[in-house]
Amino acid sequence: YGEPAKMLNNLAACNSGESEKNIYAEHINFNKETQIVTMDHIFLSESYETFMPLMACVRGIEKFITPGKNNFALIYYYWWGSEIAIALEFDANGSRITANPKAENLTIADAFFDEHGEALAEELYNKQGFI
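Numbering (this note's numbering), first residue to last: 9 to 139.
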């Protein structure tokens, strides 16, 4: 998919609401004390071509990840429905792309969206004017 830094730079406009093709919200936090980065990310697209380069780039961080819960990415077919298109999961052995994510990852994602779904939808609408 090309050079990761260039790809991420090209995607930077998505978060400012300047792209008509992407709707995007993210929250990235870095704890200086523990040296842990946490991220939640909503990226809406109708095309594998749009999100696969991003998944490939995220997969490239596997050697920097401390194994633990919440080390995964899920791509849903629509919003956060019940069907998963693809998942990226990290563990002590590295990472894997799968169509069948671990049940505990689905439970974590469902709980996250149950708690934060409305606020994320509102954030996306406020940035873009539509969802």
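Think of the CB as a built atom: it goes at the ideal place given N, C-alpha and C, for glycine as much as any other residue.
Given a threshold of 16 other Cβ atoms within 10 Å of its Cβ, counted over all protein chains shown, does residue i qualify as buried or as exposed?
i, result
"residue 69", "exposed"
"residue 111", "exposed"
"residue 95", "buried"
"residue 55", "exposed"
"residue 74", "exposed"
"residue 117", "buried"
"residue 26", "Because the pLDDT of residue 26 is 47, which lies under 50, any placement of that residue in the model is unreliable, and the question is left without a value."
"residue 72", "exposed"
Grab the span of the alpha helix (DSSP H) containing residue i for me, first residue to last.
i, result
"residue 58", "56-67"
"residue 116", "111-136"
What separation, rounded to the nearest whole angstrom, lies between the Cα atoms of residue i and residue j?
i, j, result
"residue 78", "residue 120", "11 angstroms"
"residue 67", "residue 83", "14 angstroms"
"residue 29", "residue 137", "Note on residue 29: pLDDT 49, under 50, position unreliable in the model; the coordinate value appears next. So the alpha carbons of these two residues sit roughly 13 angstroms apart."
"residue 131", "residue 125", "10 angstroms"
"residue 60", "residue 41", "32 angstroms"
"residue 39", "residue 80", "19 angstroms"
"residue 91", "residue 113", "13 angstroms"
"residue 102", "residue 134", "37 angstroms"
"residue 57", "residue 104", "19 angstroms"
"residue 62", "residue 115", "23 angstroms"
"residue 65", "residue 85", "20 angstroms"
"residue 43", "residue 129", "30 angstroms"
"residue 76", "residue 36", "18 angstroms"
So residue i is in the beta strand (DSSP E); what residue range does that whole segment cover?
i, result
"residue 70", "Here residue 70 belongs to no beta strand (DSSP E), and DSSP marks it neither H nor E."
"residue 103", "102-106"
"residue 41", "Residue 41 -> no beta strand (DSSP E), and no H or E assigned at all."
With a cut-off of 8 angstroms on the beta carbons, I'd call residue i and residue j a contact; round off their distance for me.
i, j, result
"residue 97", "residue 109", "6 angstroms"
Tell me the DSSP bridge mates of residue i?
i, result
"residue 97", "80 and 104"
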